[in-house]
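Colleague: Take this structure, written in structure tokens, and hold onto it; I'll ask about it next.
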Amino acid sequence: MLKTDRYKAFVAYFSAQQPNPVTELHYNSPFELLVAVILSAQCTDKRINQVTPALFNRFPTPESLAASTPDEVYTYIKSVSYPNNKAKHLVGMAKVLVEEFHGVVPSGTDDLQKMPGVGRKTANVISSVVYQEPAIAVDTHVFRVSNRLGLTHHAKTPLATEIQLMKHLPKELLGVAHHWLILHGRYICVARTPKCEICPLTHFCKYFEQMNTETALRKKEQEQLQKAKKLQKSKKLNRLVAQLKKHNMPNTVDIAD
Ligand code: SF4
Numbered sequence: 079m080l081k082t083d084r085y086k087a088f089v090a091y092f093s094a095q096q097p098n099p100v101t102e103l104h105y106n107s108p109f110e111l112l113v114a115v116i117l118s119a120q121c122t123d124k125r126i127n128q129v130t131p132a133l134f135n136r137f138p139t140p141e142s143l144a145a146s147t148p149d150e151v152y153t154y155i156k157s158v159s160y161p162n163n164k165a166k167h168l169v170g171m172a173k174v175l176v177e178e179f180h181g182v183v184p185s186g187t188d189d190l191q192k193m194p195g196v197g198r199k200t201a202n203v204i205s206s207v208v209y210q211e212p213a214i215a216v217d218t219h220v221f222r223v224s225n226r227l228g229l230t231h232h233a234k235t236p237l238a239t240e241i242q243l244m245k246h247l248p249k250e251l252l253g254v255a256h257h258w259l260i261l262h263g264r265y266i267c268v269a270r271t272p273k274c275e276i277c278p279l280t281h282f283c284k285y286f287e288q289m290n291t292e293t294a295l296r297k298k299e300q301e302q303l304q305k306a307k308k309l310q311k312s313k314k315l316n317r318l319v320a321q322l323k324k325h326n327m328p329n330t331v332d333i334a335d
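Quick note on the numbering used here: the sequence shown kicks off at 79 and runs consecutively.
As structure tokens, then:
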């Protein structure tokens with residue numbers, strides 16, 4: 079199947095089934111989304127949603143977070159992964175947000191990345207979700223699922239994945255495609271053992287196609303091996319019968335007769 083056909087099938091399926099996917103992180107403002115996305119690095123959205131209500135209640139604005147200390151923030155986020163670093167990042171981010179951007183979350187990815195804790199992925203999420211800019215954030219799910227589906231080819235880094243997806247997906251779909259890939263990776267195309275048996279994308283998935291081809295090839299090899307063994311066995315048997323006959327000795331075939 080051609081890559082362009084895979085993209086067409088991908089867009090056709092998800093446009094019909096999940097036309098309006100949204101992030102599973104809970105937030106009420108760009109500032110809260112920024113905080114939640116920073117916290118979500120290498121952690122589950124479920125866990126982040128457990129800690130953010132109290133955090134947002136205590137720090138409702140960039141100014142209140144900027145005036146705090148990493149030690150205080152830590153007490154609210156200690157159950158997420160890497161709480162020490164994330165507490166420092168949150169306070170640092172809020173300080174830059176207040177000092178450089180007057181407390182307004184910027185839309186440009188370059189500006190966003192000036193803040194501590196905000197890398198390319200986080201910047202793309204904010205830019206795309208909050209400002210509907212044509213950007214696609216590549217996290218571990220997007221990276222893995224794009225590769226398995228065959229939407230990317232030899233993409234070894236998140237940046238390579240991002241470039242290939244941006245090249246082939248229509249601009250207006252980049253934001254939703256990010257959610258499609260994340261949700262599919264989170265619930266069906268999981269990292270260790272993808273649930274291909276319940277996946278609705280098998281008809282265009284490259285990984286599935288390859289696995290089926292490999293299984294078919296292995297089956298064919300097994301069948302050929304069995305045939306060869308049988309042939310060898312019957313040849314040996316024929317030789318044995320011929321020898322017995324040569325020496326006028328009864329063989330099992332004669333006895334049976
Ligand atoms: S068929 Fe399997 S590998 Fe392909 S997307 Fe679905 S779950 Fe993932």
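Beta carbons are placed, not taken as given, at the ideal position from N, Cα and C, and that holds for glycine.
These numbers come from a predicted model, not from an experiment.
Would you kindly check if the distance between the Cβ of V115 and the Cβ of V169 is under 8 Å?
Modeller: No; because the gap between Cβ atoms is not below 8 Å, this pair is not in contact.
Colleague: Fully enclosed by the region 191 to 220, which beta strand (DSSP E) runs are 3 residues long or longer?
Modeller: Those beta strand (DSSP E) runs which fall completely within the region 191 to 220 and span 3+ residues do not exist here.
Colleague: Closer than 7 Å to a non-hydrogen atom of the ligand SF4 - does that hold for the CB of C121?
Modeller: No; taking the cut-off as 7 Å, the Cβ of C121 has no heavy atom of the ligand SF4 nearer than that.
Colleague: Need the endpoints of the alpha helix (DSSP H) that Y91 sits in, please.
Modeller: Unbroken alpha helix (DSSP H) run through Y91: 81 to 95.
Colleague: Quick check on the burial criterion: 16 or more other C-beta atoms within 10 angstroms. Buried or exposed for S312?
Modeller: Flag for S312 reads exposed.
Colleague: I need the boundaries of the alpha helix (DSSP H) containing M327, first residue and last residue.
Modeller: M327 -> no alpha helix (DSSP H), and no H or E assigned at all.
Colleague: Hey, how far is the Cα of M79 from the Cα of R264?
Modeller: Approximately 25 Å between the Cα atoms of the pair.
Colleague: Whose CB is closer than 7 Å to a heavy atom of the ligand SF4? List the residues in chain order.
Modeller: Output, sorted by chain position: V223, R226, L227, H262, I266, C267, P272, K273, C274, C277, L279, T280, C283, Y285, F286.
Colleague: Where does the unbroken alpha helix (DSSP H) through R125 begin, and where does it stop?
Modeller: Its alpha helix (DSSP H) spans residues 123 to 136.
Colleague: Tell me whether N54 sits in a helix, a strand or coil according to DSSP, three-state version.
Modeller: The displayed coordinates of the chain run from 79 to 335. Any statement about residue 54 would go beyond what the structure contains.
Colleague: Can you look up T153 in the DSSP assignment and give me helix, strand or coil?
Modeller: T153: helix per DSSP, three-state reduction.
Colleague: Determine the direct distance from the alpha carbon of F286 to that of K249, and round the result to whole angstroms.
Modeller: Rounded to whole angstroms, K249 to F286 spans 27 Å at the Cα level.
Colleague: Going by beta carbon distance, what residues of the same chain come within less than 7 Å of N127, once the five residues before and after it are set aside?
Modeller: Only L103, H104 meet the Cβ criterion.
Colleague: Determine, using beta-carbon pairs with one atom in the region 290 to 305 and one in the region 238 to 246, whether at least three such pairs fall under 8 Å.
Modeller: At 8 Å Cβ cutoff, the stretches do not touch.
Colleague: Is Q120 helix, strand or coil by DSSP?
Modeller: Note: Q120 maps to coil in three-state DSSP.
Colleague: Less than 7 Å between C-beta atoms, sequence neighbours within five positions excluded: which residues of the same chain meet that for E177?
Modeller: Nothing listed; no residue qualifies.
Colleague: For the alpha helix (DSSP H) containing G263, list its first residue and its last residue.
Modeller: Segment 252 to 265, the alpha helix (DSSP H) holding G263.
Colleague: Buried or exposed for T271, please, with buried defined as at least 16 other CB atoms from any protein chain shown within 10 angstroms of its CB.
Modeller: Exposed, because fewer than 16 other Cβ atoms sit within 10 Å of the Cβ of T271.
Colleague: Run through DSSP, which three-state label would N316 get?
Modeller: Here N316 sits in helix by DSSP.
Colleague: Do the region 186 to 194 and the region 215 to 233 make contact, defined as three or more Cβ pairs closer than 8 Å?
Modeller: Flag = no, the region 186 to 194 and the region 215 to 233 do not touch.
Colleague: Which class does K234 belong to by DSSP, given the choice of helix, strand or coil?
Modeller: Coil at K234, not helix or strand.
Colleague: Closest by CA to H257, which one among A172, V113, H232, I214?
Modeller: It is I214 whose Cα lies nearest to the Cα of H257.
Colleague: Check whether the Cβ atoms of F137 and L227 sit closer than 8 Å, and answer yes or no.
Modeller: The answer is no: Cβ separation not under 8 Å.
Colleague: Ordered along the chain, which non-local residues of its own chain (more than five positions away) have a Cβ less than 8 Å from that of T139?
Modeller: Result list for T139: F109, G181, in chain order.
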